[in-house]
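Report on the following structure.
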Amino acid sequence: MAETGAHGSTAASAAGVGLSKGGGTATAPAVLEVEGLSAAYGPVRALDGVTLRAESGRITAVLGANGAGKTTLLRTISGLVRPTAGRVVLNGEDVTRSPVEAMVTKGMSHVPEGRGVIAELTVDENLRVGSLFRGKVGQDEFDRVYDLFPRIAERRGQTAHTLSGGERQMLVIGRALLARPKVLLLDEPSLGLAPRIVAQIFALLRKLVDTEGLSVLLVEQNARSALSVADTGVVLNLGRVVVTDDAARLAGDEDLRHAYLGF
Ligand SMILES: Nc1ncnc2c1ncn2[C@@H]1O[C@H](COP(=O)(O)OP(=O)(O)OP(=O)(O)O)[C@@H](O)[C@H]1O
Ligand SMILES: [Mg+2]
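57 is the number that this note's numbering gives to position 27 of the sequence shown; each next residue is one higher, with no gaps.
Structure below.
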């Protein structure tokens, strides 16, 4: 890990001393490792040598302003964008050139920006369509998602276009969880949602991480909320990692907050 932040923190220091909100200490094994990842859209360089790791049973938040490269990072990790350099390692396996559809079976689920649902289908149909790639999914697995999101359960017969933004977000997260991922990539789940709903969704993620060993790579512009739930934070600026550190320490670094995080 080569990034050294302007604020004196290094990726290595975060890896060594991360205080887990789940009560763990030191470094957990990485479920996902990103090494020197670069990506470009024609002449636009969107990612420039990004190195980070998502630890097992932890929430890693990737923060940064508009255009920092957060969405591109998730799209490159999940195989939607081909990197120009670097590697993506999932559970010890190099998946850099794996097709996007293979990622799900290898344990990675990506919830993209924008909460895409099929508006004309019901909530239940959206969940079932989302699970088709897995072959037969037992009713107990759907029930588990409905248990996690009672608001979605109440609306299972409603068409998806009638859902609020928060309910749609719960539906797409629920759909991603049906794949039983080891690592969940989430792109700005809080965007446009009321703080109370954001808190609910983040609390649920925390519970899944702490009780089921899920690992989350959470991309957010809403740095304050993300750092309050995350174990580790990675700040991205203009496609590069500026700093990686324990989430609480990042939240307490006033200079860094003002320079990059907007709070
Ligand atoms: N499809 C594309 N074609 C060309 N340039 C793109 C494309 N997608 C993103 N970019 C550029 O890549 C850079 C990173 O964009 P990206 O969407 O990854 O940022 P972001 O951090 O997710 O921003 P936001 O917070 O607004 O979602 C930006 O300069 C953007 O203009
Ligand atoms: Mg984005």
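Note that CB positions come from ideal geometry on N, CA and C, so glycine has one too.
What is the DSSP secondary structure of residue i, reduced to helix, strand or coil?
i	result
Asp217	strand
Val125	coil
Glu284	helix
Asn156	helix
Val12	With the chain running from 31 to 293 in the structure shown, residue 12 is simply not present.
Gly52	Residue confidence is low: Gly52 scores 49 on pLDDT, short of 50, so the model does not pin down where it sits. No coordinate-derived value is stated.
Gly99	coil
Ser161	helix
Asp261	coil
Leu193	coil
Val272	strand
Ala25	There is simply no residue 25 to check, as the chain begins at 31 and stops at 293 in what is shown.
Around the C-beta of residue i, are 16 or more other C-beta atoms found within 10 angstroms, so that it is buried, or is it exposed?
i	result
Ile107	buried
Thr55	Annotation note: pLDDT 47 at Thr55 (below 50); position unreliable, coordinate value reported separately. Thr55 comes out exposed.
Thr262	buried
Lys212	buried
Pro225	exposed
Arg164	exposed
Thr90	buried
Gly144	exposed
Asn96	exposed
Ala233	exposed
Lys100	buried
Tell me which same chain residues have a C-beta within less than 8 Å of the C-beta of residue i, skipping the five on either side of it?
i	result
Leu67	Leu77, Gly79, Val80, Thr81, Leu103, Thr106, Ile107, Pro113, Ala115, Gly116, Arg117, Val118
If I measure Cβ to Cβ from residue i and keep anything under 6 Å in the same chain, skipping five residues before and after, which residues do I get?
i	result
Phe179	Met200, Gly204
His191	Ala149
Leu216	Val141, Leu248
Gly52	Annotation note: pLDDT 49 at Gly52 (below 50); position unreliable, no value reported.
Ser287	With the sequence shown as reference, residue 287 is identified as Arg, and Ser is not the correct amino acid for it. Answer for Arg287: Phe293, listed in chain order.
Quick one: does residue i have its CB under 9 Å from some CB of chain B?
i	result
Leu215	The question asks about chain B, but that chain is absent: this structure has only one protein chain.
#### Entry: Contact between the stretch 72 to 80 and the stretch 129 to 138 (3+ Cβ pairs under 8 Å)
no
### Query
What does the shell around ligand 1 hold, if a residue joins when its beta-carbon is under 6 Å from any heavy atom?
Tyr71, Val74, Ala76, Gly94, Asn96, Gly97, Ala98, Gly99, Lys100, Thr101, Thr102, Gln251
#### Entry: Cβ contact (3+ pairs, closer than 8 Å) linking the stretch 216 to 224 and the stretch 178 to 192
no
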